[in-house]
Each structure stands twice: as C-alpha cells, then as structure tokens.
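Colleague:
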Amino acid sequence: MSTLSSETTKGLSSQAYLDSKPVNSTKELVAELCRHFYTLGWVSGTGGSITIKVHEDSIPKSQQLIVMSPSGVQKERMVSEDMYVLSSEGSILFTPSPKPYPNKLPKCTDCASLFMKAYQMRNAGAVIHSHGMESCIATMIRPKAKEFRISHMEMIKGIQGHGYYDELVIPIIENTAHEGELTDSLAEAIKAYPKATAVLVRNHGIYVWGDSWISAKTQAECYHYLFDAAIKLHQLGLDWSTPSHGPIGQAEKLLDADSDTSGIVKVGAPNGNHVHVPVQRCILLDIEGTTTPISFVTDVLFPYARNKMEKHLIATYDTTETQEDIELLRSQVEDDVNQGLSTLPIPPADAGKEEVIMSLVANVNEMIRADRKVTALKQLQGHIWRTGYQKNELEGFVFEDVPKALEKWHVTGIKVYIYSSGSREAQRLIFGNSNYGDLRKYLCGFFDTTVGHKREARSYSEISQSVGVDKPSEILFLTDVFQEAVAAKAAGLEVIISVRPGNAPLPENHEFKTVRSFLDI
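Here it is in structure tokens:
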C-alpha cells in the first residue's frame with residue numbers, strides 16, 4: 001500500500017486543506033444525507049449519525065481525512081458548518097463553532113469510535129448509523145438470535161457480495177447504555193463475520209459501511225427494506241429466514257412427525273436397517289458423486305468446456321469478465337511455475353490476442369486433464385457452461401432422490417447449502433437448470449474453493465462460521481470423497497458418505513456412515 005510523506009500528511013491537516021473544496025464538499029454531502037435520512041426515520045430525535053471520508057485519488061483511502069456529523073443536533077437542520085473533520089487516525093482537526101441558546105455545545109458523534117473500527121478493519125469509505133424502526137424490531141422478534149438471516153429476496157442483490165440465492169447473514173450485538181461501550185463488541189462482530197457489511201445492535205439500530213458513500217447508502221436502503229419485509233412476513237405468520245418463506249411453525253410440526261422423543265431423526269438404509277443421527281440445523285452437500293453422477297462432470301461438462309474454450313475466449317476476449325478470468329489464470333500459472341510445476345507461461349496482453357489465447361487453451365486443457373481444483377479454472381469453466389445453459393446445449397443432472405430430499409429438508413426447516421470445487425456460478429447453473437427443473441428454491445447458499453480447499457479442515461470451520469450454527473456438529477456434510485469426510489469430521493461436522501454408481505471405492509474400515517439415497521436421511 002502506498003503511503004504519503006510526512007510533509008504531505010502534515011499538509012492534510014493544514015488550515016488551507018481543511019478549507020479546500022474536497023473537504024467542504026464532503027461536509028455538505030454529510031449534511032445533505034442527514035437531512036434525507038431524517039425523512040426516512042433513520043436519524044430522528046438527534047439519533048443516528050453519518051461519516052464519510054474525503055475522497056481524493058492521489059491520497060490512499062487509509063490516509064484520507066474523515067468527516068463526521070455531530071452529536072445531539074437536529075439532523076434535519078444540519079449544515080456543513082456543523083461537521084467535524086478528523087484525521088485518518090481519528091484525532092479531531094476541526095471543531096464547529098458554538099451556536100447560541102438553545103443549541104448545545106458542539107460535540108463529535110458518540111459513534112466515532114465505532115465508525116473508526118469500520119474504517120480501520122474494513123477500509124470503508126463511509127459508514128451510516130441508523131436508528132430506523134425496522135432495524136430495531138428485526139432484532140426483537142427473535143430476542144435470543146445472534147444473527148439476522150434472510151434469503152431469496154430480490155433486494156439481497158443490493159448487498160455487496162450477495163445474489164438472490166445467497167443467504168444474507170448480519171451479526172447482532174447486544175445494546176449498552178452508552179454508545180461508546182459498543183466499540184469492542186462491534187469490532188468482534190466485524191472480525192467474526194468477514195463478509196458482513198453491517199452489524200445490528202439489538203433494540204437500537206444498525207451500522208452499515210461501504211467502499212463509498214453511495215455503496216453505504218445503497219446497502220443501508222436494502223437492509224431497511226429487508227428488515228421491513230421480515231417484519232411484515234412475521235406479521236403474516238410467515239418465516240422470512242427460509243427460502244420459500246412458508247408458515248411459521250410448519251417446519252417444527254413436520255420435524256416432530258419424523259423424530260422420536262429423543263430428538264433423533266432415523267436414517268434408513270435400503271436393507272431396512274436404520275442408523276441414527278442428531279437433528280441437524282444445516283445440511284452441506286457436495287455435488288460430484290453426491291447429488292450428481294461423476295460421469296456428468298467428466299463426460300458432459302468437462303468436454304463441453306474443453307471444446308468451447310477457444311471459441312469462448314475469442315468471442316469474449318475484450319470483455320471485463322474474460323479479462324478478469326485471464327488475469328486469474330495468469331496468476332495461477334505463475335504460482336505453478338514458482339512451485340516447480342511444469343507449465344507454459346501465459347504471455348502478457350501486449351503479446352497479441354492470438355498468442356495469449358493459444359497459451360490459455362493449452363494451459364486450461366492441461367488443468368482439465370489433471371482435474372485441478374483451482375479457482376481460476378473453475379471460474380472460466382463456469383462462464384463457458386453458463387453460455388451452454390443459455391443456449392440449451394446443457395442441462396444439469398441430479399439423481400432422482402435429490403429433488404425429493406431437498407423438498408423434504410426444506411419443509412422441515414433444515415437449511416441446505418452446496419460446497420463444491422466448481423465455482424458458485426457453476427453450482428447455481430446445475431441446480432437452476434436441472435433435469436428436475438429449478439431446484440435453487442431449496443438452497444440457502446453456495447460455497448466454492450474461495451473458502452478453502454475441500455480436503456482442509458479449516459475450510460469447513462469457515463463454512464461453520466458463515467451458516468450461523470452454534471457448533472459445527474449442527475451441520476451434516478454429505479460427500480463421496482473419503483478425504484473430504486475426514487477433513488469435515490476434523491472440523492467438528494457430522495459426516496455421511498454418499499455411495500453412488502461410479503464413485504471411487506472407500507477404504508476398508510473407514511467408520512463413516514454411508515447412504516445410497518438422500519431419501520434415507
């Protein structure tokens with residue numbers, strides 16, 4: 001990261017810079033947003049606050065000055081002169097002048113220490129603290145919940161890093177009598193939920209941050225919409241946290257019907273025998289050899305990607321998406337070379353389109369032949385397969401028991417996630433275009449190797465943190481790969497191995513439970 005010289009840093013705190021257009025424009029923007037948010041009910045009664053960094057391209061974001069709204073001031077009457085200006089470390093550089101009675105003496109927002117955590121831990125460009133009624137009530141409906149969760153709502157797409165089929169998870173921390181006392185718990189939540197862009201404070205409000213003020217504002221609007229939707233669904237007796245948003249209590253009744261009094265669900269085998277596993281809150285599914293035949297991947301998807309590779313690269317070479325794919329592949333090849341692997345380097349872009357594409361095709365085909373589980377390959381394959389599904393040249397395939405089991409688990413309130421070495425997009429394509437129709441309505445989220453490799457225990461620990469269970473054993477993982485089963489078990493998950501036609505043989509005396517059909521679970 002580039003840093004400024006001490007002289008330049010000193011210049012940022014000079015009176016000349018504090019009076020400059022970038023600083024004054026940011027102060028005016030904060031005042032304008034405060035007035036707007038007042039009309040939304042987010043900052044009424046002098047509550048809530050906003051902070052934005054003074055953006056300049058020549059100054060690294062981590063060293064930009066910070067504008068914060070004051071405390072105890074009517075937000076709808078704010079003007080730029082009311083704003084505080086702070087250094088990137090949080091020291092006050094500018095304090096507004098006192099106003100006559102009945103105005104209070106100027107005081108920087110009580111949220112300052114919390115805002116600084118978002119700046120320091122997330123490199124945010126802006127942070128919004130809202131007291132919107134929706135954000136309060138959303139934490140009160142389930143008073144013991146440590147997270148707010150919702151999926152299958154269009155406005156989730158407005159949250160950074162999320163799509164319609166993703167489950168949005170927002171940590172909830174407990175309120176305190178004084179705002180500053182929340183600083184440590186907010187920091188802990190930010191650390192524990194690295195993908196989150198917000199933290200809820202029970203009976204209080206929400207903190208939302210983004211790369212810029214536009215990002216923070218957009219996400220804040222989406223969060224409040226989703227909270228309002230959850231409240232209204234709850235009022236209608238519907239569960240907002242499940243993909244179908246079905247009746248509250250339906251899951252519990254059906255679960256009781258399939259369980260005995262010990263809270264154990266019976267798992268049947270084709271021979272009539274049963275094993276028993278504790279009731280799981282979540283099920284994590286592998287794809288290849290588990291939900292889908294290995295042959296579909298090796299005999300259909302891989303050849304399709306290999307045969308369409310050159311045509312795809314030629315047709316889309318100049319698009320941002322393909323250029324990102326190429327850079328990711330170039331980085332992977334460089335890593336391979338550094339590790340002593342025999343591979344062809346990918347020439348730089350200025351070498352010419354044809355030369356780059358020839359090298360890419362050679363490298364990717366070799367990766368496919370070696371069945372490499374690397375993100376760079378899987379991402380490009382996913383983009384090629386997407387075109388195939390769009391042209392109806394591909395159709396996803398799952399075993400016949402899969403849709404029935406997904407529906408059963410869904411109805412009983414068990415959340416189902418996918419974890420595959422294929423990209424998240426490729427996963428969505430298989431289930432969204434399957435031989436049994438669109439099955440994504442039964443799925444709460446998708447994980448790929450960006451969380452870690454499937455044979456490493458820490459990958460499953462990361463997933464456990466993401467799906468909102470109190471302990472890893474509340475997740476049941478189904479896979480056909482013994483090494484993945486071992487890694488998941490080491491992370492504390494319950495594991496069952498899927499035995500399907502065409503799967504590799506398992507080691508003798510492996511001691512894992514096995515099933516041949518999801519309907520046995």
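Letter 223 of the sequence shown, counting from 1, is numbered 223 in UniProt numbering, and no numbers are missing. Every residue gets a Cβ at the ideal spot worked out from N, C-alpha and C, and that includes glycine.
Does DSSP put E354 in a helix, a strand or coil?
Modeller: In the sequence shown, the residue the question calls residue 354 occupies position 354. The answer is helix: DSSP assigns E354 an H, G or I state.
Colleague: When the Cα atoms are used, what is the spatial distance from H204 to H131?
Modeller: As a first step, residue 204 must be located in the sequence shown, where it is residue number 204. As a first step, residue 131 must be located in the sequence shown, where it is residue number 131. Using only the alpha carbons, I get a separation of about 6 Å.
Colleague: Decide yes or no for the touch test of the segment 408–428 against the segment 335–352: beta carbon pairs closer than 8 Å, at least 3 of them.
Modeller: The answer is no - the segment 335–352 does not touch the segment 408–428, with fewer than three Cβ pairs under 8 Å.
Colleague: Who does Y84 pair with in a DSSP beta bridge?
Modeller: Position 84 of the sequence shown, counting from 1, holds the residue named residue 84. Partner(s): M68.
Colleague: Using the C-alpha atoms, what's the distance from V416 back to I283?
Modeller: Working through the sequence shown from its first residue, we reach residue 283 at position 283. Working through the sequence shown from its first residue, we reach residue 416 at position 416. Those two C-alpha atoms are separated by around 5 Å.
Colleague: What is the DSSP secondary structure of S49, counted as helix, strand or coil?
Modeller: As a first step, residue 49 is located in the sequence shown; it is residue number 49 there, counting from the start. Looking at S49 - three-state DSSP - the assignment turns out to be strand.
Colleague: By a C-beta neighbour count over all protein chains shown, 10 Å radius and 16 as the cutoff for buried, is H383 buried or exposed?
Modeller: On the sequence shown, residue 383 is found 383 positions in, with the first residue counted as 1. With 16 or more other Cβ atoms within 10 Å, it is buried.
Colleague: For E154, is the classification buried or exposed, using 16 other Cβ atoms within 10 angstroms of its Cβ as the cut-off for buried?
Modeller: As a position in the sequence shown, residue 154 is number 154, starting the count at 1. Per the 10 Å Cβ criterion, exposed.
Colleague: In three-state terms, what does DSSP make of K195?
Modeller: For this step, residue 195 is matched to residue 195 along the sequence shown. Here K195 sits in coil by DSSP.
Colleague: Compute the Euclidean distance between the alpha carbons of E147 and R386, then round it to the nearest angstrom.
Modeller: Position 147 of the sequence shown, counted from the first residue, corresponds to residue 147. Position 386 of the sequence shown, counted from the first residue, corresponds to residue 386. Distance between the alpha carbons of E147 and R386: 33 Å.
Colleague: What is the DSSP secondary structure of V275, reduced to helix, strand or coil?
Modeller: Here residue 275 refers to the residue found at position 275 when the sequence shown is read from its first residue. Residue placement at V275 is flagged as unreliable, the pLDDT there being 45, under the threshold of 50; a coordinate-derived value is accordingly withheld.
Colleague: To the nearest angstrom, report how far apart P247 and E494 are at their CA atoms.
Modeller: Position 247 of the sequence shown holds residue 247. Position 494 of the sequence shown holds residue 494. One C-alpha to the other measures close to 28 Å.
Colleague: When the distance is taken between beta carbons, is N503 closer than 9 Å to D480?
Modeller: Here residue 480 refers to the residue found at position 480 of the sequence shown. Here residue 503 refers to the residue found at position 503 of the sequence shown. Yes, the Cβ-Cβ distance between D480 and N503 is below 9 Å.
Colleague: Between G432 and the rest of its own chain, which residues show a CB-CB distance below 6 Å, the 5 nearest in sequence each way excluded?
Modeller: Mapped onto the sequence shown, residue 432 falls at position 432. Cβ neighbours of G432 beyond the five flanking positions: D438, R440.
Colleague: Terminal residues of the continuous beta strand (DSSP E) containing P171?
Modeller: On the sequence shown, position 171 is the one that residue 171 refers to. From DSSP, the beta strand (DSSP E) with P171 extends over 167–173.
Colleague: Mind checking A220: buried by the 16 CB within 10 Å criterion, or exposed?
Modeller: What you label residue 220 is simply residue 220 of the sequence shown in a count that begins at 1. Classification of A220: buried, given that the 10 Å Cβ count is 16 or more.
Colleague: Use the C-beta contact count for I475: other C-beta atoms within 10 angstroms, 16 or more gives buried, fewer gives exposed.
Modeller: As a working note, residue 475 is residue 475 in the sequence shown. Its Cβ being crowded by 16 or more others within 10 Å, I475 is buried.
Colleague: First and last residue of the beta strand (DSSP E) that includes I92?
Modeller: Residue numbering aside, residue 92 sits at position 92 when the sequence shown is read from its first letter. From DSSP, the beta strand (DSSP E) with I92 extends over 92–94.
Colleague: Considering only the beta carbon of each residue, do F399 and Q427 sit closer than 9 Å?
Modeller: Residue 399 sits at position 399 when you count from the first residue of the sequence shown. Residue 427 sits at position 427 when you count from the first residue of the sequence shown. Contact: no.
Colleague: Going residue by residue through the segment 289–333, where are the continuous alpha helix (DSSP H) segments of at least 4 residues, counting only ones entirely within it?
Modeller: As far as the segment 289–333 is concerned, its whole alpha helix (DSSP H) runs of at least 4 residues are 302–316.
Colleague: How far does the alpha helix (DSSP H) with C282 in it reach, from first residue to last?
Modeller: Along the sequence shown, one-based indexing puts residue 282 at 282. Careful: C282 lies outside any alpha helix (DSSP H), inside the beta strand (DSSP E) at 282–285.
Colleague: Spell out the partners DSSP gives I418 in its beta bridges.
Modeller: Indexing the sequence shown from 1 puts residue 418 at position 418. Its beta-bridge partners are L285, F446.
Colleague: The alpha helix (DSSP H) that contains L233, what's its start and end?
Modeller: As a working note, residue 233 is residue 233 in the sequence shown. Start and end: 213–235.
Colleague: Under DSSP, the alpha helix (DSSP H) around W385 begins and ends at which residues?
Modeller: As a first step, residue 385 must be located in the sequence shown, where it is residue number 385. Here the alpha helix (DSSP H) through W385 covers 375–390.
Colleague: Tell me whether the segment 324–342 and the segment 360–377 touch, counting them as touching only if at least three CB pairs, one residue from each stretch, are closer than 8 Å.
Modeller: Verdict: yes, contact present.
Colleague: Which value, in whole angstroms, describes the spacing of the CA atoms of T412 and I430?
Modeller: The residue you call residue 412 lines up with position 412 of the sequence shown. The residue you call residue 430 lines up with position 430 of the sequence shown. If I take the Cα positions, the gap works out to 24 Å.
Colleague: Leaving out five residues before and five after N13 in sequence, what residues of the same chain have Cβ atoms less than 7 Å from its Cβ?
Modeller: Position 13 of the sequence shown, counted from the start, is the residue given in the question as residue 13. Going by the sequence as given, residue 13 is Ser instead of Asn. Correct list, in chain order: S87, L93.
Colleague: Could you check what DSSP says for G180 in three-state terms: helix, strand or coil?
Modeller: As a first step, residue 180 is located in the sequence shown; it is residue number 180 there, counting from the start. In this structure, G180 counts as helix in the three-state DSSP scheme.
Colleague: So, are the CB atoms of residue 601 and A198 less than 9 Å apart?
Modeller: Here the chain has residues from 1 to 521 only, and residue 601 is not among them.
Colleague: Expressed to the nearest angstrom, what Euclidean distance is found between the alpha-carbon atoms of G268 and L226?
Modeller: Within the sequence shown, numbered from 1, the residue matching residue 268 stands at position 268. Within the sequence shown, numbered from 1, the residue matching residue 226 stands at position 226. Residue placement at G268 is flagged as unreliable, the pLDDT there being 42, under the threshold of 50; a coordinate-derived value is accordingly withheld.
Colleague: I need the straight-line Cα distance from G161 to E32, nearest angstrom please.
Modeller: What you label residue 161 is simply residue 161 of the sequence shown in a count that begins at 1. What you label residue 32 is simply residue 32 of the sequence shown in a count that begins at 1. Distance between the alpha carbons of G161 and E32: 28 Å.
Colleague: If contacts are defined as beta-carbon pairs under 8 Å, then S464 and V451 qualify, I think. What distance do you get, rounded to the angstrom?
Modeller: Locating residue 464 in the sequence shown gives position 464, where the first residue counts as 1. Locating residue 451 in the sequence shown gives position 451, where the first residue counts as 1. Wrong, their Cβ atoms sit about 11 Å apart, outside the cutoff.
Colleague: Once DSSP output is grouped into helix, strand and coil, what is the label at S466?
Modeller: Here residue 466 refers to the residue found at position 466 of the sequence shown. S466 falls in the helix class under three-state DSSP.
Colleague: Whose C-alpha, out of I156, R122, Q15, S215, is nearest the C-alpha of L186?
Modeller: Counting from one through the sequence shown, the residue named residue 186 turns up at place 186. Answer by Cα proximity: R122.
Colleague: When you compare each of I128, M78, P102 to P96 by their alpha carbons, which one comes out closest?
Modeller: Taking the first residue of the sequence shown as 1, we reach residue 96 at position 96. Nearest of I128, M78, P102 to P96, Cα basis: M78.
Colleague: Can you tell me whether DSSP reads R458 as helix, strand or coil?
Modeller: Translated into the one-based positions of the sequence shown, residue 458 becomes position 458. R458 falls in the helix class under three-state DSSP.
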